[in-house]
Amino acid sequence: MSAFMIDREDYLAFAVQLHRFCNAPMPPHYTLELLRSLWWLTPAGSTRTLDWRVDRLIRLMMLANRRAVWHRYQRGRQQEQPHQRRSTKLSPLKPAHRDHQAPLTDAELVTLYKFTCSALYQSSEWSGGPEQAPRLVKVIQQLQQALAQDVLTQLSLWGQAPWGEM
Numbered sequence: 019m020s021a022f023m024i025d026r027e028d029y030l031a032f033a034v035q036l037h038r039f040c041n042a043p044m045p046p047h048y049t050l051e052l053l054r055s056l057w058w059l060t061p062a063g064s065t066r067t068l069d070w071r072v073d074r075l076i077r078l079m080m081l082a083n084r085r086a087v088w089h090r091y092q093r094g095r096q097q098e099q100p101h102q103r104r105s106t107k108l109s110p111l112k113p114a115h116r117d118h119q120a121p122l123t124d125a126e127l128v129t130l131y132k133f134t135c136s137a138l139y140q141s142s143e144w145s146g147g148p149e150q151a152p153r154l155v156k157v158i159q160q161l162q163q164a165l166a167q168d169v170l171t172q173l174s175l176w177g178q179a180p181w182g183e184m
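Residue numbers 19 to 184, in our numbering, belong to the letters of the sequence shown in order.
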């Protein structure tokens with residue numbers, strides 16, 4: 019069992035940060051491309067495409083987390099006994115993100131990136147090699163790589179590094 023668990027509030031806080039990140043004056047290139055490539059069409063009732071895409075991604079990450087926890091629980095059980103299947107259906111996800119337009123600070127950018135690393139670690143315990151990774155885990159891996167590219171190049175410290183302008 020992992021030493022930590024990610025709860026719903028952590029995911030909602032991450033959703034708010036990701037919304038702010040994607041709505042910044044200089045939008046993140048790789049992260050937005052990933053979100054666009056995952057879902058082309060949003061439901062008719064959705065007012066903002068980006069909101070829907072971010073919410074969907076957070077739902078997928080929560081689902082991957084739940085499945086990983088369940089998988090580890092099943093693997094760690096000592097005795098075989100019949101069990102009831104619990105639904106993996108998630109309750110409605112409505113983070114209060116509409117008004118969060120302020121750009122992220124460097125510390126928040128680092129937190130955003132670290133969270134995807136934690137979520138990936140938390141969700142990536144399954145039986146088998148990387149090629150048998152569940153699709154949800156592959157999506158989180160892609161998000162982590164996209165955020166790494168976007169976040170690390172947006173940090174103001176990056177521009178002040180000894181090697182100068184990139």
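Each residue gets a CB set at the ideal place from its N, CA and C atoms; glycine is no exception.
Nearest-angstrom Cα separation, counted from residue 82 out to residue 69 = For the purposes of this step, residue 69 is taken as the residue at position 51 of the sequence shown. For the purposes of this step, residue 82 is taken as the residue at position 64 of the sequence shown. One C-alpha to the other measures close to 20 Å.
Helix, strand or coil: which one does DSSP assign to residue 18?
-> There is no way to answer for residue 18, as the model of the chain reaches only from 19 to 184.
If you compare alpha carbons, which of 27, 38 and 78 is closest to residue 169?
-> One-based indexing of the sequence shown puts residue 169 at position 151. It is 38 whose Cα lies nearest to the Cα of residue 169.
Looking at the structure shown, is residue 141 part of a helix, part of a strand, or coil, going by DSSP?
-> Residue 141 sits at position 123 when you count from the first residue of the sequence shown. Helix at residue 141.
When you compare only the Cα positions, how much space is there between residue 167 and residue 140?
-> By 1-based counting over the sequence shown, the position of residue 167 is 149. By 1-based counting over the sequence shown, the position of residue 140 is 122. Answer to the nearest angstrom: the Cα atoms are 21 Å apart.
How about the stretch 123-140 and the stretch 48-61: do they share at least three Cβ pairs that are nearer than 8 Å?
-> no
How about residue 158 and residue 129: are their beta carbons less than 8 Å apart?
-> Position 140 of the sequence shown, counted from the first residue, corresponds to residue 158. Position 111 of the sequence shown, counted from the first residue, corresponds to residue 129. No, Cβ-Cβ distance for residue 158 and residue 129 is not below 8 Å.
Cβ distance (whole Å) where residue 67 is taken to contact residue 60 below 8 Å = Start at 1 with the first residue of the sequence shown, and residue 67 comes out as number 49. Start at 1 with the first residue of the sequence shown, and residue 60 comes out as number 42. Sure, about 5 Å apart at Cβ, within 8 Å.
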